Amino acid sequence: MTMPEAPPLVLASASPTRGQLLAAAGVPFSTVVSAVDEDEIKHSMRAAGADSATTADALAEAKAMRVSRKVPGALVIGADQILDCAGVWFDKPPDLDHARAHLVALRGREHRLATAVCVVRDGQRLWHHREAPRLTMRAFSDAFLDAYIALEGRAMLVSVGGYRLEGPGVQLFSTIAGDHSAILGLPLLPLLEFLRGHGVVER
11 MTMPEAPPLV
21 LASASPTRGQ
31 LLAAAGVPFS
41 TVVSAVDEDE
51 IKHSMRAAGA
61 DSATTADALA
71 EAKAMRVSRK
81 VPGALVIGAD
91 QILDCAGVWF
101 DKPPDLDHAR
111 AHLVALRGRE
121 HRLATAVCVV
131 RDGQRLWHHR
141 EAPRLTMRAF
151 SDAFLDAYIA
161 LEGRAMLVSV
171 GGYRLEGPGV
181 QLFSTIAGDH
191 SAILGLPLLP
201 LLEFLRGHGV
211 VER
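Quick look at the structure:
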């Protein structure tokens, strides 16, 4: 599936889910964590009036650019995602109390996942893509919420909003509209098309 003379591919993300998506697709890659200050970028973008999609795009590019300086010649994938509910942005909850508060705030409401991915080589952005899946949480009971938190525990802290669609978190929702891989944080099909066009995987 991979071209013999393909340039190295690097994922600038510590997200295990993004790595699992690429690995499951049969794409060989290495991982280098970018360590950019995401909070600072978000704060400056919001202060400038940027929306969540533009900010996710800026974060994805910042991650890829940072790693690109360390791996000359490699194609570096940067990705980011912001949960946006009526203009309020949600980060990963730092603890279970915050995770519960996030789910209470999202209960019975629609939110979108502003998701961006880009590819950089030698400090130049070659490609980028955005998607914004929309998800509506059902009006679940407090009893269901308590049971869900007891079941998931600290696994809730690895994603924005405090849920994992690949686990019991799918039961929180009434409707989901959007590509599954984009919801998980990496729009895989458009990324694979880019990689095919640049000789990384077979056409």
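If you're matching positions, the sequence shown starts at 11 in my numbering and goes up one per residue.
Cβ atoms here follow ideal geometry from the backbone N, Cα and C, with glycine treated the same way.
In this text the structure is predicted, and so the values were computed from the model without any measurement.
Practice item. With DSSP collapsed to three states, give me the class of R110. Key: It is helical.
Review point. Mind checking T125: buried by the 16 CB within 10 Å criterion, or exposed?
Key: buried
Review point. Considering Q30, what are the terminal residues of the alpha helix (DSSP H) in which it resides?
Key: P26 to A34
Review point. How about L93 and H121: do their beta carbons lie closer than 9 Å?
Key: Cβ atoms of L93 and H121: closer than 9 Å.
Point to revise | Straight-line Cα distance separating R140 from A66 | key: 9 Å
Point to revise | Whole runs of the beta strand (DSSP E) within the region 63-121, excluding any shorter than 3 residues | key: 85-95 and 98-100
Point to revise | Proximity winner among F154, A192, L198 and A33, relative to P178 (alpha-carbon distances) | key: F154
Review point. Which residue's Cα is closest to the Cα of A33: L69, L113 and V20?
Key: V20
Practice item. My understanding is that F204 touches L182, with C-beta atoms under 8 Å, so please give their C-beta distance in whole angstroms. Key: Incorrect: roughly 32 Å between the Cβ atoms, too far for contact.
Check your understanding: Around the C-beta of L199, are 16 or more other C-beta atoms found within 10 angstroms, so that it is buried, or is it exposed?
Key -> Exposed, because fewer than 16 other Cβ atoms sit within 10 Å of the Cβ of L199.
Exercise for review: Evaluate the contact criterion for the region 25-39 versus the region 52-61: three or more CB pairs, one atom per stretch, below 8 Å.
Suggested key: no
Review point. Of the residues T41, A96 and V81, which one's Cα is nearest the Cα of S62?
Key: A96
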